[in-house]
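Scroll down for the structure; my scribbles are underneath it.
Number of protein chains: 2
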Amino acid sequence: MSRLITLSLCVLATMALAEARVRHYKWDVKYEFKSPDCYEKLAITVNGKTPGPAILAQQGDTVVVEVTNNLGTENLAIHWHGIRQIGSPWSDGTGGVTQCPILPGDTFTYRFIVDRAGTYLYHAHYGMQRGAGLYGSIRVSLPDGMAEPFPYDYDKSIILSDWYHNSTYEQAVGLSSIPFGWVGEPQSLLIHGKGKFDCSKLAPPSSDPSACNATNPECSPYVLTVVPGKKYRLRISSTATLSALSFQIEGHNMTIVEADGHYVEPIVVQNLFIYSGETYSVLIKIDQEPSRNYWITTNIVGRNATATTPPGLAVLNYYPNHPKRVPPTNPPAGPMWNDVAPRLAQSSAIKARQGYIHTPPPKSDRVIVFLNTQNKIDGYYHWSLNNVSLSLPNTPYLIALKENLHHVFDQRPLPDQLPGFADYPIYRVANNTNATSSNAIYRLKFNTTVDIILQNANSMIVNNSETHPWHLHGHDFWVLGYGIGKFDPDNDPKKYNLANPIKKNTVAVHPYGWTALRFIADNPGVWLFHCHVESHFYMGMGAVFEEGVDKVGKLPSEIMGCGETKGFKTP
Amino acid sequence: MSRLITLSLCVLATMALAEARVRHYKWDVKYEFKSPDCYEKLAITVNGKTPGPAILAQQGDTVVVEVTNNLGTENLAIHWHGIRQIGSPWSDGTGGVTQCPILPGDTFTYRFIVDRAGTYLYHAHYGMQRGAGLYGSIRVSLPDGMAEPFPYDYDKSIILSDWYHNSTYEQAVGLSSIPFGWVGEPQSLLIHGKGKFDCSKLAPPSSDPSACNATNPECSPYVLTVVPGKKYRLRISSTATLSALSFQIEGHNMTIVEADGHYVEPIVVQNLFIYSGETYSVLIKIDQEPSRNYWITTNIVGRNATATTPPGLAVLNYYPNHPKRVPPTNPPAGPMWNDVAPRLAQSSAIKARQGYIHTPPPKSDRVIVFLNTQNKIDGYYHWSLNNVSLSLPNTPYLIALKENLHHVFDQRPLPDQLPGFADYPIYRVANNTNATSSNAIYRLKFNTTVDIILQNANSMIVNNSETHPWHLHGHDFWVLGYGIGKFDPDNDPKKYNLANPIKKNTVAVHPYGWTALRFIADNPGVWLFHCHVESHFYMGMGAVFEEGVDKVGKLPSEIMGCGETKGFKTP
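Those protein sequence lines, which keep their order, are chains C and H. For what it's worth, the UniProt record's numbering labels the leading residue of the first sequence as 1, then goes sequentially. For what it's worth, the UniProt record's numbering labels the leading residue of the second sequence as 1, then goes sequentially.
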């Protein structure tokens, strides 16, 4: 009997050791000249690379990332996208919300537990730095002895992104200028950091012939080598700054099995629509004619970039064909950029997998309706929720709230919906002249259930409504439903899917449409909820939720040092 | 009697009031698209302008500048060049030396006394930001009732600079890359913020036709309107990032009367040679044929930029001719770029004005010989003093020294001359393989007299020795002498000018030459001494002097917040 107890204790101790594994990374973040699409420009790299190194961990591990800011004169913060930071809200890496930025020369240590297997991301979250190339993947595997509900032979990650030739500085200054300088469509789409800009578009003589070099190996297409007969799990994610994307593999159907770390009731697609901040796993069978390679492509949808941004191309290399062998076909055309219906259909089709359903509470305690509009404030373009455009305070919210610095942001509550929302004409050009900038926040009662209705509308351009991928920090939310047109608070909630809604951290609101979400405010901290389009968030498209901040433990002093917390700490 | 005393007290009180005047400025520093030479790029502006607003004050005034950093993601520090900061060493504005940088969104207040009339500058002193356009002039007038020793009718300031089309980020990353990316010669020379780049050099089709626009009023030539028969004091200064300059006014001699805030025994020149960080006053008579305008020109000397950088042009507009009337002559050619002799002659000719001579102590207590060389360290190019390349610590020196944070920089003393200096072959290509980077400093005994010998040498290119303008913070120094060739410690000091040496804060060391300086270490603080070429300092060409830091008063907490002083200050 005592031997049995001892054995059990040993097993438990071993398991505890396995659970307590620490994945330690040391990252050097700096600017470097890179040519991801053959055009040379400055990029922000992690240990010399963009995308940065993948974080590979197992459920329950502690991830520790020591980030050294070698950007010279620029600060930095890195967000761990999809990681809920339960118990570590100060490690969320959101500049202005959960921490002061990391100063040049400083090393900051992020430490958090990856509590659920799945596919996640990391990326810079300060200014528009993500667009400069600081992003990468986080792959969390199941605990030993647990199996995925779908078999596969190999597991690969592919990050999609878009790429601009001007700097994030130039983009940001344009956005906050009169006249307005719009960032425009990206020059390239990148598949795992590789694209192909047509250098001949640059007029000769370039001042520097190395500025665009089609033979630079940095911009050779990404090659995914696969073994015929095998089954692959591809983890597809997007860190695009602007573009909604469609992803295809020539001749191969994809079965979606995971979204944002949650299992999906399998659905077979030819086009995977993916919005910035989303992650998916798809399964593919390597079952086509094995004597050739196939195109992997990605296209912009939701915006007309046909004249400006060529599709992103990569190669599915059937082993043992040569990886540089060009597929004998033309890359297949993507879907029509302005065809909303299949995108809405795919969004709506994604449900929680049978056997892995977490049903939501049947009712919510609070409903917040966010009308998404464009506005002008003092002549500057903004994006707003209910006519309020978010401006971050100089002292991060988490610190301000925990340290009772009430004066650093507007303490007044924001309304749960726009006064007069019922009469707001979503199909009319926005001319909300009473919009304001504010750093006020939403304070949520701890452990209550909150519904968010994201209501899209016309922008300031006639007959234009954009696609916005909304990302919530610190949480997954249930996606209760989508619709086109004005949300009907009386009837639409009756159609909510409460049976098997998917949980996600990022969700699209489609043109002129609405999306309904539900989450439980059970994670003590301060959490940003924002459009994942870099320029939209820069222009104020976000909100901040506080919940249970009194339950947050003592803040590490390392997150301080700006705003009201700038000053001398006795060493 | 008592009435006389009362009257005297009133006069004293009035004078005291006048002396105590505070000049208050509020500055908004941000990036904006500007076209100073017709080519549009991001510039750092102060209140929307580059050059920024001039600071106008009277001797004894207190200048207060509230600087708000609206650069978005980038920090900031501003140096008040030529102001000795007696009693306010924390206001010197030297990132990494006297303060932590100003974070985005923060407002930092500089407060200092301008204790001596003369011509000074301000400019960014963090990273290579000066090159992005943050600079301006400081003009300190004499106290009421005091007169300059030279008459003039009008007083005008002109700042010269050079201008690059790439960003300071791109420049900095190139300098710290393998392979080395040299910044090259500037695209333009600016006269008071205006230059003219030849837009036709850009190949069509430009992606944006507004990117270079020869008719943009921002790049119309600078016009100095003058009244015939009058006498003008022109305060000429240079904030060039790289270029040594020659300045000319067609058909007009210039009489140099001031240098770096000190009166010069008048000398008449046709070319004013001016090195980055220097300021001069020259007098000109408006005595030429009044029916036309005249060219004002500036050229690069010391480097061969004839193929790359056209002369900077402005117009001396004889009133009432139209200011846009082009002078009927071709702009006069500047001096030969590689003719060192006249530059050395002019440097040597500048002496303190009779009646305003402060003679130096006849002997020094310490002599430091700084051999200026280029080196490679771990494959990266550096500039070094005695084979030591300066790297700034993460916690500024002033804070580290005052707060006894001994571990933040190397406490070991640096040698007063290179071991084996006597045998160092200054005409041979530098191949100092034993160079190191260090953040060690020179600690000077308070109130002692220090001589600095700046010894130039060959760079890493055959038959090349550059011109370095050396600038000392917190002090003026006497310029005791110049020479070409190797400094002879036995004989050259005998030729020092101890009778009427000029005092300056910036001085040139000419190709293969030496320059001897003397100063008294009587200003408690920590002071940077560095080559004022932005790229050279970035590559380590500087040293740091500490003197009497124990006499420095309590440091304002506002200068802290980085490195070891990052953290929470209880509000």
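Heads up, the beta-carbon is just placed ideally off N, CA and C, and yes, glycines get one too.
Item                                                                                                                    : Value
Length of the line joining the Cα atoms of M146(H) and G540(C)                                                          : 56 Å
Endpoints, beta strand (DSSP E) assigned at P469(C)                                                                     : 468-472
For R303(C) and H510(C), believed in contact at Cβ under 8 Å, the rounded distance                                      : Between R303(C) and H510(C) the Cβ distance is about 13 Å, and since that is not below 8 Å, they are no contact.
Alpha-carbon to alpha-carbon, H536(C) and V369(C)                                                                       : 19 Å
Contacting positions in the stretch 384-398 of chain H - beta carbon closer than 7 Å to chain C                         : N394
Exposed unless 16 or more other CB atoms sit within 10 angstroms - verdict on K41(H)                                    : buried
Residue-chain proximity (M539(H), chain C), Cβ-Cβ < 9 Å                                                                 : no
Minimum Cβ-Cβ distance from T14(C) to chain H less than 9 Å                                                             : Since pLDDT at T14(C) reaches only 44, below the 50 mark, its modelled position is unreliable, and the value read off the structure follows with that caveat. Not one chain H Cβ lies under 9 Å of T14(C).
Under 9 Å by beta carbon: chain C residues contacting A172(H)                                                           : Y31, G72, T73
Residues of its chain near N70(C), where Cβ-Cβ distance is below 8 Å and the 5 sequence neighbours each way are ignored : D28, V29, K30, P104, G105
Beta-bridge partners of E66(H), as assigned by DSSP                                                                     : K26(H), T109(H)
Cβ separation of I249(H) and L316(H), assumed to be a contact under 8 Å, to the nearest whole Å                         : 6 Å
Proximity test, Cβ basis, 9 Å: S438(C) and chain H                                                                      : no
Supposed contact pair Y356(C) and P149(C) - C-beta distance, whole angstroms, cut 8 Å                                   : 7 Å
Short CB-CB distance (under 9 Å) between T565(C) and chain H                                                            : yes
Expected contact under 8 Å - CB spacing of V140(C) and Q85(C) to nearest Å                                              : Wrong, their Cβ atoms sit about 14 Å apart, outside the cutoff.
CB contact below 9 Å: G542(C) versus chain H                                                                            : no
Within-9 Å CB hit, M560(C) to chain H                                                                                   : yes
Cβ-based neighbour list, T73(H), same chain, cut-off 8 Å, excluding 5 preceding and 5 following                         : P104
contact_flag[the stretch 431-440 of chain H, the stretch 386-400 of chain H] where n(CB pairs < 8 Å) is 3 or more       : yes
Neighbourhood of S2(H) by C-beta distance below 6 Å, restricted to the same chain and skipping five residues each side  : Because S2(H) sits at a pLDDT of 46, beneath the cut-off of 50, its placement in the model cannot be relied upon, and the following sentence gives the value as read from the coordinates. Answer for S2(H): no residue qualifies.
V507(C), enclosing beta strand (DSSP E) - first and last residue                                                        : 506-509
Cross-chain neighbours of D28(C) in chain H, by beta carbon under 8 Å                                                   : Chain H residues near D28(C): none, gap ~13 Å exceeds 8 Å.
Cα-Cα separation between residue 629(C) and Y263(C), rounded to whole angstroms                                         : Chain C is shown only over 1 to 571; residue 629(C) falls outside these bounds and no answer can be derived.
Within 9 Å, strictly: CB atoms of E546(H) and V533(H)                                                                   : no
Proximity of D339(H) and V301(H) at Cβ, strictly below 9 Å                                                              : yes
DSSP bridge partner residues for D162(H) (one or two, in chain order)                                                   : L189(H)
Beta strand (DSSP E) runs contained entirely in the stretch 361-413 of chain C, provided each spans 3 or more residues  : 366-377, 380-385, 388-390
Per DSSP, cross-strand counterpart(s) of G483(C)                                                                        : W514(C)
Chain H within 9 Å of Q248(C), Cβ atoms only                                                                            : no
Separation of H165(C) from L190(C), as counted between CA atoms                                                         : 13 Å
7 Å CB neighbourhood of G561(H) in its chain, flanking five on each side removed                                        : C100
For T505(C), the nearest candidate out of Y120(C), G193(C), G184(C) (CA to CA)                                          : The sequence given here has Asn at residue 505(C), not Thr. Nearest C-alpha to N505(C): Y120(C).
N523(C) versus S246(C): straight-line alpha-carbon distance, rounded                                                    : 33 Å
Contact list for G87(C) against chain H, beta-carbon separation under 7 Å                                               : Chain H residues near G87(C): none, gap ~20 Å exceeds 7 Å.
Between the CA atoms of R23(H) and L17(H) - distance to the nearest angstrom                                            : Residue placement at L17(H) is flagged as unreliable, the pLDDT there being 48, under the threshold of 50; the coordinate-derived value follows with that caveat. Approximately 13 Å, taken between the alpha carbons.
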